[in-house]
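Novice: This structure is in structure tokens; I'll ask about it shortly.
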Amino acid sequence: MAKFTIVKLPGDGIGAVVLNEAIRVLDAAGFEADYIHGDIGWEYWCKEGNPLPQRTIDLIERYKLALFGAVTSKPNDEAKAELSPHLQGKGLTYSSPIVGLRQHFNLDICVRPCKSYKGNPLNFVRRGKGNTIDEPLVDVVIFRQNTEGLYSGVEWTNPPAQVYQALMTHPKFVENFGNVPVEELSISTRIFTRKATVRILMAAFEHARKFGYKSVTLCEKPNVIRETSGLMWKLAKEIQKSSFPEIKLLNTNIDAQMMWLTKNPEDYNVIVAGNMFGDIASDAFAGLIGGLGFACSAQFSSEGIAVFEPTHGSAPKYAGYEVSIVNPIAMIESACMMLDYIGEKKISSNIRKAISAVISEGKVRTYDMMKMSGRPEVIQDGAASTTRMTDAIISKLDQIK
Ligand code: NAI
Ligand code: MG
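The numbers in my numbering rise by one with no breaks, and the one at position 292 of the sequence shown is 284.
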């Protein structure tokens, strides 16, 4: 038996394609593990009425380490229509299995690094002095609270009487919404708890210390969202002062951050935010380093469960291609995050060096790196297939090892 057992969750569409490629790279890099397949995704919704079967939850519970591709989610009416006939009309409702995984295991810490590779034609550039072109290298790690805030699902349209009455005790509600008929009200709550907020802040500061980053930036909006963002800012100041005095604490508002990131992205190191602003900030920074083909992520619970996945989805329109064209790097990078987490740093460093060598050499590029729109013909037009990109990385690895 190998030292590590990893639950592999291919999911749907290109999720399954890129996960296989990442495992090919892990094998070639000399990483020894047993992989156990876990059922997840659309197929299991259609066949069993549950896209996240209990047996998959049990596997993750047991092995605690999972590599996840991506799943397809569809609106409720489409989901119902695609259920097997024997499951129709039973009142089943679809919910995204990746959101389900986050909630079930309380994967509250989401880490999304955005680091540019030299020579990536998709890197952000700006105009420098004297009309020169500047290519600032981005090295940012976003810590996103993954379970609370605006994505926690506590929401109503036409809220029940108790909720409405509670809201009517707030003077601002009475002033701004007191005249609105209750059935015309839609409310999504933004709940932050002290415990989860401290956990994400601590994770961000600890990461900064461990990897020698000089600053942690809280990216919220405490001047307007005074209670939730305000709590996070207050706790960030306390934690910095008591435990991380050598690390600078900065504070940007999410809106201003979206502007600053195209002016001076090199000024940011570790960014920490609540669920929605963390989601926005991580997509925005990913855009500076090449977009979805490069954006990787990890999610951790306090109980020692870790799930690693690319930020992208299942890209169904590319799923049926005879020769896959999507970029496997985001998934391979997510696998590298897993290696770092389990202490296999030499192997992850070799893989990153191999990716870097392929990118800077510039001979093998997937369609997204060539700014093509995705079609099967991109291969004839010179873009590398998914497999060819992986092969190029493996061949560099063989030289590095
Ligand atoms: P998507 O990320 O699947 O695709 C958006 C576009 O990004 C694609 O059309 C493609 O142009 C590009 N892209 C994505 N991955 C790429 C890669 N590896 N290489 C090159 N280009 C890539 O997002 P979309 O289209 O909004 O959603 C498709 C499905 O995926 C939906 O059912 C959605 O619910 C699901 N989804 C699942 C996620 C997950 O499993 N964590 C996350 C996001 C979406
Ligand atoms: Mg997102």
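We treat Cβ as the ideally placed atom computed from N, Cα and C, and that holds for glycine.
If we ignore side chains and look at the alpha-carbon of each, how far apart do Tyr36 and Arg367 end up?
Specialist: Taking the first residue of the sequence shown as position 1, residue 36 is located at position 44. Taking the first residue of the sequence shown as position 1, residue 367 is located at position 375. Rounded to the nearest angstrom, the two C-alpha atoms are 29 angstroms apart.
Novice: Given 8 angstroms as the limit, is there contact between the segment 343 to 361 and the segment 370 to 385, that is, 3 or more CB pairs closer than that?
Specialist: Output reads yes: the segment 370 to 385 touches the segment 343 to 361.
Novice: Closer than 8 angstroms is the cut-off here; do at least three beta carbon pairs connect the segment 171 to 191 with the segment 312 to 329?
Specialist: Short answer: they don't touch.
Novice: If I'm right that Ala14 touches Met323 with Cβ under 8 angstroms, what's the distance once you round it to whole angstroms?
Specialist: Taking the first residue of the sequence shown as 1, we reach residue 14 at position 22. Taking the first residue of the sequence shown as 1, we reach residue 323 at position 331. Contact flag correct, Cβ pair sits at about 4 angstroms.
Novice: Counting only runs that start and end within the segment 316 to 342, where is the alpha helix (DSSP H) found for 4 or more residues in a row?
Specialist: If we require 4 residues or more, the alpha helix (DSSP H) runs fully inside the segment 316 to 342 come out as 321 to 333.
Novice: So for Arg119, helix, strand or coil by DSSP?
Specialist: Your numbering for residue 119 matches position 127 in the sequence shown. It is a strand residue.
Novice: Tell me the residue span of the beta strand (DSSP E) that contains Asp26.
Specialist: Residue mapping note: residue 26 aligns to position 34 of the sequence shown, counting from 1. Here the beta strand (DSSP E) through Asp26 covers 25 to 29.
Novice: Thinking just about the alpha-carbon of each residue, which of Val146, Pro105, Met224 is nearest to the one in Phe203?
Specialist: On the sequence shown, position 211 is the one that residue 203 refers to. Out of Val146, Pro105, Met224, Pro105 has the C-alpha closest to the C-alpha of Phe203.
Novice: What are the partner residues of Gly106, as DSSP defines its beta bridges?
Specialist: As a first step, residue 106 is located in the sequence shown; it is residue number 114 there, counting from the start. Looking at the sequence itself, residue 106 is Cys, so the reference to Gly does not match. The partner list for Cys106 (beta bridge, DSSP) reads Val132.
Novice: With the cut-off set at 8 angstroms, would you say Ala8 and Gly61 are in Cβ contact?
Specialist: Counting from one through the sequence shown, the residue named residue 8 turns up at place 16. Counting from one through the sequence shown, the residue named residue 61 turns up at place 69. Yes, they are a contact pair.
Novice: Name the DSSP bridge partner or partners of Gly222?
Specialist: As a working mapping, residue 222 is identified with position 230 in the sequence shown. For Gly222, which the question treats as bridged, DSSP gives no partner whatsoever.
Novice: From the DSSP output, which residues share a beta bridge with Pro302?
Specialist: As a working note, residue 302 is residue 310 in the sequence shown. The partner list for Pro302 (beta bridge, DSSP) reads Cys288.
Novice: Would you decide whether Ala273 is buried or exposed? Buried here means 16 or more other CB atoms lie within 10 Å of its CB.
Specialist: Residue 273 sits at position 281 when you count from the first residue of the sequence shown. By the 10 Å Cβ count, Ala273 comes out buried.
Novice: Kindly give me the distance between the Cβ atoms of Phe300 and Met330, rounded to whole angstroms, as I take these residues to be in contact under 8 angstroms.
Specialist: Residue 300 sits at position 308 when you count from the first residue of the sequence shown. Residue 330 sits at position 338 when you count from the first residue of the sequence shown. That belief holds up - the Cβ atoms of Phe300 and Met330 are roughly 4 angstroms apart, short of 8 angstroms.
Novice: Please report the Cβ distance between Val132 and Tyr260, rounded to the nearest whole angstrom; I am assuming they are in contact, meaning their Cβ atoms lie under 8 angstroms.
Specialist: Counting from 1 along the sequence shown, the entry for residue 132 is found at position 140. Counting from 1 along the sequence shown, the entry for residue 260 is found at position 268. Their Cβ separation, rounded to whole angstroms, is 5 angstroms, which keeps Val132 and Tyr260 in contact under 8 angstroms.
Novice: Cα separation between Lys72 and Gly145?
Specialist: Position 80 of the sequence shown, counted from the first residue, corresponds to residue 72. Position 153 of the sequence shown, counted from the first residue, corresponds to residue 145. Lys72 and Gly145: Cα-Cα distance of roughly 21 angstroms.
Novice: Between the C-alpha atoms of Ile192 and Arg186, what's the straight-line distance to the nearest angstrom?
Specialist: Locating residue 192 in the sequence shown gives position 200, where the first residue counts as 1. Locating residue 186 in the sequence shown gives position 194, where the first residue counts as 1. Rounded to whole angstroms, Ile192 to Arg186 spans 10 angstroms at the Cα level.
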